[in-house]
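Trainee: I'd like to ask some things about the structure below.
Residue numbers (my numbering), protein chains in the order written: chain A, 1 to 475; chain B, 1001 to 1258.
Right under this line is the structure:
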């Protein structure tokens, strides 16, 4: 996927001006937040489950190599194949090899952020293989040739009108007069179109919410049932998953599932939780002839020993972006790569480099709401700050900013001189504010005064005035 | 009661006034002193204090932060408690200083001992000193904004509301999404001013819709951001730090107001 994160600022400004987007984004606020809060409130052990989920993920990351090897052995035992992909290029190559060997022309796809991360659709198309997204949101944006703007609600940036226009343009075989004014009409239409694709596909590709080591099982949670059809009907099923998706046992998985949907959509559970373990066995009524799991590293193993390790606990519920005021304001596309919102602000610099994604960890007020709702308690603001430290050390932050900071810090370390400077500043700014007691424009602070006034100081610093008063009282 | 009051007089509190209050709004400092003294504390205002170092910390400049933090710790070591009229600065001193020095053999112990003593003002009054009510009288309605660090790092939510409920003549009206960020975020407000503006615009709408005469909060940074937006848009809402109202010191013009 093309990296546009360096243009975060201009993309964010454009997003703020985009009325259609702003109207679509109001749904994020109303839909997800209340539902999650209700789900959390109604489950007395929710907070304890969050702790358990965090601990399970921590334990797994501690022994990741061992659990991955167990997973591989189990998949192989069941007649499946495990492929190790160090990079996105490796992963794409493995998919293509399987496609070529089995003469695959059409691929149906379940929702997969890893497929986005490795740019799979474009790659398949370039190799004359047709990918068909089968998740409704993914299908909508595939028609528009857009990347997802949210990790669980890929088309959340669109209004219903935009979806309708997209369908009209793509489904020219359907009568113009068909009813399209209710979401149900659109859903039925997509279903009808996709049904044919499911039946004709040579290969199904899904992501994985979890991989279970003890059984060699890959698990997806969905609400539409498209995942099941994607992985059951074609001859070949390929799972692409990043290495941190593995969990030791089914018991661990079933604990984490209890916080996943509640955190994501406020559901107790997603409609479908689908476990697939190996290819069709003799006597099975259905299932693929071949079962492959591609395990993608793409930089994650190097995060294990770093201060960014905790972000590998992420179970991709989207709660952090659903609760983020910055995400609410600009939406997911502004972030310029696969993962938006707070988790993207930590993960993206790890995966594509902080020199490219430097804006992302900076564009946060550190309000902490993401950490407060994260089901696996990832300290997201702390890790964004770690990225800011890396940027500062590598002098990637703007030179002017660093110079101002150093100058201010020089004063802040010298209380006597600082007192003199702040005394002068408070009086000068108070005078500037005049009788209105606020400043409408200030050089060096035009970022502030472009949108709001700067309340003027009362005049004279507290410390000077306080000690003057005490001296007077004593004498 | 007298004995209680006498023991309390033994409580030595260092007031960490915060750089914004020091520079922009001394009234908040005087209000804090009054509230602490009324509660029986002996208040000290060390002249060696400048800033908690948060701008450097949040900009990734660990070295400058340490240089500032070491001076803060040294300046406040003599006191039983360190109190700040800001959840954000109190969070910096009580939470982030621990992280800042966690790999520093020489300073770790000192930083942790210091951090243990730090409290946000309203939380110190209620949770530590057990103050049930303040003596102030302020007529009118007010809505309260929960600043992020105070709320989510320090759990400050009920404390200011409880104290405000005891102010004679004052009625509290909750706004929608009081716990949602105002878009200040320190340097964020300047570096990403478009996004900050979008967030504070929504906040200002919620404040106006609460139909209260006053907007109160516990952090001057957030207050200046919200007041700046409200005033730019011509809102009549009076913006004040919660300490001013609790101390009954509302004779000064409100933040950004005439």
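No residue lacks a Cβ here, since even glycine has one placed at the ideal position from N, Cα and C.
Values in this document were obtained by computation on a predicted structure and should not be read as measured data.
Give a yes or no on whether 8 Å exceeds the smallest Cβ distance from residue 1008 of chain B to chain A.
Mentor: The residue labelled residue 1008 of chain B in the question sits at position 8 within the second chain. Confidence at residue 1008 of chain B is low in this model, with a pLDDT of 46, below 50, so the placement of that residue should be treated as unreliable; the coordinate-derived value is given next. False, the Cβ-Cβ gap to chain A never drops below 8 Å.
Trainee: Going by alpha carbons, who is nearest to residue 416 of chain A out of B:1021, B:1071, B:1055, B:1024?
Mentor: Translated into the one-based positions of the first chain, residue 416 of chain A becomes position 416. Nearest C-alpha to residue 416 of chain A: B:1071.
Trainee: Indicate the three-state DSSP secondary structure (helix, strand or coil) for residue 52 of chain A in the structure shown.
Mentor: Here residue 52 of chain A corresponds to residue number 52 of the first chain, with the count starting at 1. Of the three classes helix, strand and coil, the one that applies to residue 52 of chain A here is helix, per DSSP.
Trainee: If we require 4 or more residues per run, which alpha helix (DSSP H) segments fall completely within the stretch 278-345 of chain A?
Mentor: As far as the stretch 278-345 of chain A is concerned, its whole alpha helix (DSSP H) runs of at least 4 residues are 300-303, 319-322, 325-330.
Trainee: Closest to residue 218 of chain A by C-alpha separation, out of A:278, A:421, A:189, A:264, would be which residue?
Mentor: Residue numbering aside, residue 218 of chain A sits at position 218 when the first chain is read from its first letter. Ranking A:278, A:421, A:189, A:264 by Cα distance to residue 218 of chain A puts A:278 first.
Trainee: Of the residues A:389, A:302, A:247, which one's Cα is nearest the Cα of residue 54 of chain A?
Mentor: Translated into positions along the first chain, residue 54 of chain A becomes position 54. Among A:389, A:302, A:247, the Cα nearest to that of residue 54 of chain A is on A:247.
Trainee: Which residues in chain A sit within 9 Å of residue 1148 of chain B, going by Cβ to Cβ distance?
Mentor: Along the second chain, read from residue 1 onward, the residue named residue 1148 of chain B stands at position 148. The answer, in chain order, is 365, 366, 367, 368, 369.
Trainee: I'd like to know whether the C-beta of residue 1190 of chain B is nearer than 8 Å to at least one C-beta of chain A.
Mentor: Counting from one through the second chain, the residue named residue 1190 of chain B turns up at place 190. Among the CB atoms of chain A, one or more fall inside 8 Å of the CB of residue 1190 of chain B.
Trainee: So residue 191 of chain A and residue 1257 of chain B are in contact, right, with Cβ under 8 Å, and what is the actual spacing, rounded?
Mentor: For the purposes of this step, residue 191 of chain A is taken as residue 191 along the first chain, with counting starting at 1. For the purposes of this step, residue 1257 of chain B is taken as residue 257 along the second chain, with counting starting at 1. No, residue 191 of chain A and residue 1257 of chain B are not in contact; Cβ-Cβ is about 58 Å, not under 8 Å.
Trainee: From the beta carbon of residue 357 of chain A, is the nearest beta carbon of chain B less than 8 Å away?
Mentor: The residue given as residue 357 of chain A occupies position 357 in the first chain. Judged by the 8 Å Cβ criterion, residue 357 of chain A is not in contact with chain B.
Trainee: How about residue 404 of chain A and residue 351 of chain A: are their beta carbons less than 8 Å apart?
Mentor: Taking the first residue of the first chain as position 1, residue 404 of chain A is located at position 404. Taking the first residue of the first chain as position 1, residue 351 of chain A is located at position 351. Not in contact: residue 404 of chain A and residue 351 of chain A (Cβ atoms no closer than 8 Å).
Trainee: Give the single residue among B:1011, B:1081, B:1024, B:1012 whose Cα lies nearest to the Cα of residue 461 of chain A.
Mentor: Walking along the first chain from the start, residue 461 of chain A turns up at place 461. The candidate whose alpha carbon is nearest that of residue 461 of chain A is B:1024.
Trainee: Please work out which residues of its chain come closer than 7 Å, Cβ to Cβ, to residue 1028 of chain B, disregarding the five sequence neighbours upstream and downstream, and give them in chain order.
Mentor: As a first step, residue 1028 of chain B is located in the second chain; it is residue number 28 there, counting from the start. Excluding sequence neighbours, residue 1028 of chain B sits near 1021, 1085, 1220, 1241, 1243, 1244.
Trainee: Could you name the residues of the stretch 302-329 of chain A whose beta carbon sits closer than 7 Å to any beta carbon of chain B, in the order they occur along the chain?
Mentor: So the close ones are 325, 326, 329.
Trainee: Is there at least one Cβ from chain A nearer than 8 Å to residue 1071 of chain B's Cβ?
Mentor: Locating residue 1071 of chain B in the second chain gives position 71, where the first residue counts as 1. Cβ-Cβ to chain A under 8 Å: yes for residue 1071 of chain B.
Trainee: What is the C-beta distance between residue 210 of chain A and residue 79 of chain A, in whole angstroms, given that I count them as a contact (C-beta under 8 Å)?
Mentor: Working through the first chain from its first residue, we reach residue 210 of chain A at position 210. Working through the first chain from its first residue, we reach residue 79 of chain A at position 79. With 8 Å as the limit, residue 210 of chain A and residue 79 of chain A do not qualify as a contact, their Cβ atoms being about 20 Å apart.
Trainee: Using a Cβ cut-off of 8 Å (strictly closer), state whether residue 1170 of chain B contacts chain A.
Mentor: Here residue 1170 of chain B refers to the residue found at position 170 of the second chain. Chain A, which has no Cβ nearer than 8 Å to the Cβ of residue 1170 of chain B, makes this no.
Trainee: Just checking: is the beta-carbon of residue 1214 of chain B within a distance shorter than 8 Å of some beta-carbon in chain A?
Mentor: As a first step, residue 1214 of chain B must be located in the second chain, where it is residue number 214. By this cut-off, residue 1214 of chain B is not an interface position.
Trainee: Is residue 1207 of chain B helix, strand or coil when you go by DSSP?
Mentor: Stepping through the second chain from its first residue, residue 1207 of chain B is reached at position 207. Three-state DSSP puts residue 1207 of chain B in a helix.
Trainee: Any beta carbon from chain A within less than 8 Å of residue 1024 of chain B's own beta carbon?
Mentor: Counting from 1 along the second chain, the entry for residue 1024 of chain B is found at position 24. True, the Cβ-Cβ gap to chain A drops below 8 Å.
Trainee: Please report the distance separating the alpha-carbon of residue 60 of chain A from that of residue 74 of chain A.
Mentor: Taking the first residue of the first chain as 1, we reach residue 60 of chain A at position 60. Taking the first residue of the first chain as 1, we reach residue 74 of chain A at position 74. Cα to Cα, the separation comes out at about 17 Å.
Trainee: Any C-beta of chain A sitting closer than 8 Å to the C-beta of residue 1152 of chain B?
Mentor: In the second chain, residue 1152 of chain B corresponds to position 152, counting from 1. Chain A, which has a Cβ nearer than 8 Å to the Cβ of residue 1152 of chain B, makes this yes.
Trainee: Is DSSP giving residue 1030 of chain B helix, strand or coil here?
Mentor: Here the question's residue 1030 of chain B lines up with position 30 in the second chain. Note: residue 1030 of chain B maps to helix in three-state DSSP.
Trainee: Can you give me the start and stop residues for the alpha helix (DSSP H) that residue 75 of chain A sits inside?
Mentor: Here residue 75 of chain A refers to the residue found at position 75 when the first chain is read from its first residue. 64-77 is the extent of the alpha helix (DSSP H) around residue 75 of chain A.
Trainee: Using DSSP with H/G/I as helix, E/B as strand and the rest coil, what is residue 1047 of chain B?
Mentor: Looking up residue 1047 of chain B in the second chain gives position 47. Coil at residue 1047 of chain B, not helix or strand.
Trainee: Does the beta carbon of residue 210 of chain A sit closer than 8 Å to a beta carbon anywhere in chain B?
Mentor: Taking the first chain and counting its residues from 1, one reaches residue 210 of chain A at position 210. False, the Cβ-Cβ gap to chain B never drops below 8 Å.
Trainee: Tell me, please, which residues DSSP counts as bridged to residue 1214 of chain B.
Mentor: Locating residue 1214 of chain B in the second chain gives position 214, counting from the first residue. B:1142, B:1238.
Trainee: Is there a Cβ from chain B that is less than 8 Å from the Cβ of residue 457 of chain A?
Mentor: Against the first chain, residue 457 of chain A aligns to sequence position 457. For residue 457 of chain A, the answer is yes, since a Cβ of chain B falls inside 8 Å of its Cβ.
Trainee: So which residues of chain A does residue 1048 of chain B contact, with C-beta pairs closer than 7 Å?
Mentor: Along the second chain, read from residue 1 onward, the residue named residue 1048 of chain B stands at position 48. The contacting residues are 415.
Trainee: With a threshold of 8 Å between beta-carbons, can residue 264 of chain A be considered close to chain B, or not?
Mentor: Indexing the first chain from 1 puts residue 264 of chain A at position 264. Chain B contact via Cβ: absent.
Trainee: Taking only beta-carbon positions, decide if residue 187 of chain A is within less than 8 Å of chain B.
Mentor: Counted from its first residue, the first chain places residue 187 of chain A at position 187. No, residue 187 of chain A lies away from the interface with chain B (no Cβ there is under 8 Å from its Cβ).
Trainee: Pairing CB atoms from the stretch 1087-1106 of chain B with CB atoms from the stretch 1207-1225 of chain B, are three or more of them under 8 Å?
Mentor: yes
Trainee: Mind reading off the beta-carbon distance from residue 1179 of chain B to residue 1146 of chain B? Whole number of angstroms is fine, and I expect it under 8 Å.
Mentor: What you label residue 1179 of chain B is simply residue 179 of the second chain in a count that begins at 1. What you label residue 1146 of chain B is simply residue 146 of the second chain in a count that begins at 1. About 5 Å separates the two Cβ atoms, so the contact holds.
Trainee: Which of the three DSSP states, helix, strand or coil, is assigned to residue 203 of chain A?
Mentor: One-based indexing of the first chain puts residue 203 of chain A at position 203. Three-state DSSP puts residue 203 of chain A in a strand.
Trainee: Taking contact to mean at least 3 C-beta pairs separated by less than 8 Å, is the stretch 1027-1042 of chain B in contact with the stretch 359-373 of chain A?
Mentor: Judged by Cβ distances under 8 Å, the stretch 1027-1042 of chain B makes no contact with the stretch 359-373 of chain A, as fewer than three pairs qualify.
Trainee: Kindly list the residues whose CB is nearer than 7 Å to the CB of residue 1098 of chain B, restricted to its own chain and excluding five residues on each side of it in sequence; keep chain order.
Mentor: For this step, residue 1098 of chain B is matched to residue 98 along the second chain. Cβ within range, chain order: 1111, 1112, 1115.
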